[in-house]
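-4 is the number of the first residue of the sequence shown in our numbering; add one for each residue after it. The beta carbon of each residue, even a glycine, is placed where N, CA and C say it ideally should be. Just so you know, these numbers come straight off a predicted model, no measurement behind them. The block underneath contains the structure these notes are about, expressed in structure tokens.
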Amino acid sequence: MTTITPTPTDRPVADRFLDALTARDFTALSHCLAPDVRMRGLIPPGPFETDTADAAVGRFRHWFAGPDAFEMLGCEAGRVGDKLYLRYRVRMRPIDTDAPARIAEQHLFADAGDRIDAIDLLCSGWNPERPYSRT
-4 MTTITPTPTD RPVADRFLDA LTARDFTALS HCLAPDVRMR GLIPPGPFET
46 DTADAAVGRF RHWFAGPDAF EMLGCEAGRV GDKLYLRYRV RMRPIDTDAP
96 ARIAEQHLFA DAGDRIDAID LLCSGWNPER PYSRT
């Protein structure tokens, strides 16, 4: 009987991407992206575009790295036709001050196989955390 040990590429790229982001493991995040990944984004203060994995990971590092406490509040992955869909909401809180927490949500549509080849991203931007009220 042969035993097969799963490697990172045996897991769907969506799971690997979300796990890497949750852990703020930007090296693992880079392994989810094709070297020439095209990333287009609409974020406050405006649109941007990158065309390498290093540049794309740099964006995620800029948004989510650093000393602040980081918490993944929720995430999901799925497909819309041929597109991979990822959604996540995160909370960041300064660890050395009483400053309030801030939250952001991003939605990604991606072309992907074993790695992500193209990303279209929409971001809410950072917002102060407030309870939701339907009234």
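Which whole-angstrom value is the C-beta distance of L81 and A105, which I expect to be below 8 Å?
As a working note, residue 81 is residue 86 in the sequence shown. As a working note, residue 105 is residue 110 in the sequence shown. Contact flag correct, Cβ pair sits at about 7 Å.
Roughly how many angstroms separate the alpha carbons of P39 and G53, rounded to a whole number?
Taking the sequence shown and counting its residues from 1, the one referred to as residue 39 is at position 44. Taking the sequence shown and counting its residues from 1, the one referred to as residue 53 is at position 58. About 17 Å.
Taking the alpha-carbon positions, what's the E124 to I90 distance?
Translated into the one-based positions of the sequence shown, residue 124 becomes position 129. Translated into the one-based positions of the sequence shown, residue 90 becomes position 95. Per the coordinates, the alpha-carbon of E124 lies some 16 Å from the alpha-carbon of I90.
What does a CB cutoff of less than 8 Å around A94 pick up in its chain, not counting 5 residues either side in sequence?
For the purposes of this step, residue 94 is taken as the residue at position 99 of the sequence shown. Once the five neighbours on either side are set aside, the close Cβ partners of A94 are R88.
Helix, strand or coil: which one does DSSP assign to R6?
By 1-based counting over the sequence shown, the position of residue 6 is 11. Shown here, R6 sits in coil according to DSSP, grouped into three states, outside any helix or strand.
Could you round the C-beta distance between R97 and N122 to whole angstroms and report it? I think they count as a contact, below 8 Å.
The residue you call residue 97 lines up with position 102 of the sequence shown. The residue you call residue 122 lines up with position 127 of the sequence shown. Confirmed, about 6 Å.
Pair within 8 Å by beta-carbon distance, A60 and F12:
Here residue 60 corresponds to residue number 65 of the sequence shown, with the count starting at 1. Here residue 12 corresponds to residue number 17 of the sequence shown, with the count starting at 1. No, the pair does not count as a contact, with Cβ atoms beyond the cut-off.
Scan the segment 13 to 69 and note each continuous alpha helix (DSSP H) run of 4 residues or more that stays entirely inside, going in chain order.
The qualifying runs are 21 to 26 and 48 to 59.
Under DSSP, the beta strand (DSSP E) around D112 begins and ends at which residues?
For the purposes of this step, residue 112 is identified with residue 117 of the sequence shown, where counting begins at 1. Annotation for D112: the continuous beta strand (DSSP E) segment containing it runs I111 to C118.
Could you pull the DSSP bridge partners for D106 from this structure?
Walking along the sequence shown from the start, residue 106 turns up at place 111. According to DSSP, which records beta bridges pairwise, D106 is partnered with A113.
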